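Quick note on numbering: full-length UniProt numbering labels position 205 of the sequence shown as 205, and the sequence is numbered without any gaps. The beta-carbon is built from N, C-alpha and C at its ideal position, and this holds for glycine as well. Predicted model, so just to flag it, every value in this text is computed and none were measured.
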Amino acid sequence: MSGSLLAISDLHIAHPDNRAIVESLQPDDPSDWLIIAGDVAERFDDIAWVFAVLRARFAEVIWSPGNHELWTHPNDRVQLRGEERYLKLVELARRLGVHTPEDPYPVFRGHGGPVVVAPLFTLYDYSFMAPGAATVEESLRLAHEAGVVCTDEFMLHPDPYPTRGDWCRARIELTERRLDAIDPALPTVLVNHYPLVREPTMVLRYPEFAQWCGTALTADWHLKYRAAAMIYGHLHIPRETWYDGVRFEEVSVGYPREWQKRERRTWLRQVLPSRQPA
Ligand SMILES: [Fe+2]
Ligand SMILES: [Fe+2]
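#1: Assign residue 295 to one of two classes, buried (16 or more other C-beta atoms within 10 Å of its C-beta) or exposed (fewer than that).
#2: Based on DSSP bridge pairs, tell me the residues matched to Gln270.
#3: Strictly closer than 7 Å from CB to any heavy atom of ligand 2: give me those residues in the order they appear in the chain.
#4: With 16 as the cutoff for other CB atoms within 10 Å, does Ala143 come out buried or exposed?
#5: Note down the Cα distance separating Ala278 from Arg247, rounded to an integer number of angstroms.
#6: Considering only C-alpha positions, which residue in the set Val203, Ser139, Met155, Leu272 is nearest to His236?
#7: Taking 8 Å as the cut-off, decide whether the C-beta atoms of Phe128 and Arg205 are in contact.
#8: By Cβ distance, which residues of its chain are closer than 6 Å to Pro131, with the 5 residues on each side in sequence left out?
#9: Would you be able to state if there are at least three C-beta pairs under 8 Å between the region 69-77 and the region 19-29?
#10: Should Ser139 be counted as a contact of ligand 1 given a C-beta to heavy atom distance under 7 Å?
#11: Give the secondary structure of Ala278 by DSSP, where H, G and I count as helix, E and B as strand, and everything else as coil.
#12: Could you tell me whether any non-hydrogen atom of ligand 1 is closer than 7 Å to the CB of Glu236?
#13: At which residue ranges does the region 183-228 contain complete alpha helix (DSSP H) runs of 4 or more residues, listed in the order of the chain?
#14: Taking the alpha helix (DSSP H) that Trp167 belongs to, which residues open and close that run?
#15: Exposed or buried, which one is Glu153 when buried takes at least 16 other CB atoms within 10 Å?
#16: Leaving out five residues before and five after Val116 in sequence, what residues of the same chain have Cβ atoms less than 7 Å from its Cβ?
#17: Return the Cβ separation of Ala37 and Ser64 in integer angstroms, given the expectation that the two are a contact with Cβ distance under 8 Å.
#18: Please name the residue or residues paired with Glu240 in a DSSP beta bridge.
#19: Suppose the cutoff is 8 Å on Cβ atoms and the five residues either side in sequence are ignored; what does the same chain contact list for Ser2 look like?
#20: So, with DSSP's three-state summary, where would you put Trp63?
#21: Along the chain, which unbroken stretches of the beta strand (DSSP E) at least 3 residues long are found entirely within the region 78-125?
#22: I'd like the list of long-range same chain contacts for Val61, defined as Cβ closer than 6 Å, with 5 residues on each side in sequence excluded.
#23: Within the chosen definition, does the region 260-271 reach the region 152-168 through at least 3 CB pairs nearer than 8 Å?
#24: Give me the Cα-Cα distance between Ser274 and Tyr86, rounded to the nearest whole angstrom.
#25: Of all the CB atoms in chain B, is at least one closer than 8 Å to the CB of Pro162?
#26: Output needed for Ala7: all residues of its chain with C-beta closer than 6 Å, excluding positions within five of it in sequence on either side, in chain order.
#27: Of the residues Trp259, Gly254, Asp244, Ala227, which one's Cα is nearest the Cα of Leu120?
#28: On a Cα-Cα basis, can you pick out the residue from Val136, Ser4, Ile13, Asn18 that is closest to Ala59?
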């Protein structure tokens, strides 16, 4: 079978220039698969549009939610909060033929396969604490003092969990069970809106922001679950780095004010076949 595994994230199509980018995305081959690692948009109708457009072009589309999809935005027709909103997004994706973290993980059998493609939803628990903080409470206080507070604090509700950290820990438990059940003979491509290790957040301009960027609970997953690559977004710092011999790809488009400054604007990242010689 032919076909490549491609990835993108942080489409943020509330911005018209970003909507135009989505309109321009095309596979090289009709059997190409596309990973979308979160932050598609805030409104259900926008998210549905992206899923429908891209599902019509790519053989398979795999999605992990970003924090922006999970916001209960005052301008959205869907006003569900927390887990109810997430499950409604899963329902929407399924209806449009898009794989979600709640579905059986698909096996990519194109160039560089077979590989299990596992979209994850693990959120964050504030364990990537601000420099100098000894506790989560202190870390959050330092962020408030620095004026670096993620909008999630006001829009991403954890219901029915008491806190976003509690939701994160429940997701970790459930996700570990799913990952443990994968055929150990197969490598994986792990997809999450957040990096599974902390290192990528070390280059953030405001280190206080890292606490909204993942959890220390996933630090060994790329090794434990045989990752051929880990695909993430959220940081809006597109690049490739390697940890413990595993390739991590930040595949975000980001906001127009960010990508308009970049010289190289290639939107689709090739995950498999690997561009590195074996
Ligand atoms: Fe984003
Ligand atoms: Fe994000």
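In this structure, then:
#1: Nothing in the structure corresponds to residue 295, since the chain is present only between 1 and 278.
#2: According to DSSP, which records beta bridges pairwise, Gln270 is partnered with Leu6.
#3: This criterion selects Asp10, Gly38, Asp39, Gly66, Asn67, His68, His193, Gly233, His234.
#4: The Cβ neighbour count for Ala143, taken over all protein chains shown within 10 Å, is at least 16; the residue is labelled buried.
#5: Reliability fails at Ala278, whose pLDDT of 45 lies under 50, so the model's placement of it is uncertain and the value that follows must be treated cautiously. Roughly 13 Å between the two C-alpha positions.
#6: Selected option, being the one with the closest Cα: Val203.
#7: The answer is no: Cβ separation not under 8 Å.
#8: Closer than 6 Å at the Cβ level, and outside the excluded window around Pro131, lie Pro207.
#9: Touching, no, given that fewer than three Cβ pairs across the two stretches are closer than 8 Å.
#10: Not under cutoff, so the answer is no.
#11: For Ala278, the pLDDT reaches just 45, beneath the cut-off of 50, and the residue's location in the model is therefore unreliable, although a value from the coordinates is still provided. Three-state DSSP puts Ala278 in coil, outside helix and strand.
#12: Note that residue 236 is His in the sequence shown here, rather than Glu. Result yes, Cβ under 7 Å from ligand 1.
#13: Segments of the alpha helix (DSSP H) lying fully in the region 183-228: 221-224.
#14: Unbroken alpha helix (DSSP H) run through Trp167: 164-180.
#15: Looking at its Cβ environment, which holds fewer than 16 other Cβ atoms inside 10 Å, Glu153 is exposed.
#16: So the list reads Tyr105, Val107, Ile182, Leu186, Thr188, once near-sequence residues are dropped.
#17: Confirmed, about 5 Å.
#18: Glu240 pairs with Glu249.
#19: Excluding its 5 nearest sequence neighbours in each direction, Ser2 has C-beta neighbours in its own chain below 8 Å: Asp29, Ser31, Gly110, His111, listed in chain order.
#20: Here Trp63 sits in strand by DSSP.
#21: Complete beta strand (DSSP E) runs here, min 3: 115-119.
#22: Result list for Val61: Leu34, Leu54, Arg55, Val98, in chain order.
#23: The region 260-271 makes no contact with the region 152-168; the number of CB pairs closer than 8 Å stays below 3.
#24: Roughly 32 Å separates the two Cα atoms.
#25: Although the question refers to chain B, the structure presented lacks it and comprises just one protein chain.
#26: Cβ neighbours of Ala7 beyond the five flanking positions: Ile35, Ile231, Val251, Arg269, Val271.
#27: Nearest option by C-alpha distance: Ala227.
#28: Nearest C-alpha to Ala59: Ser4.
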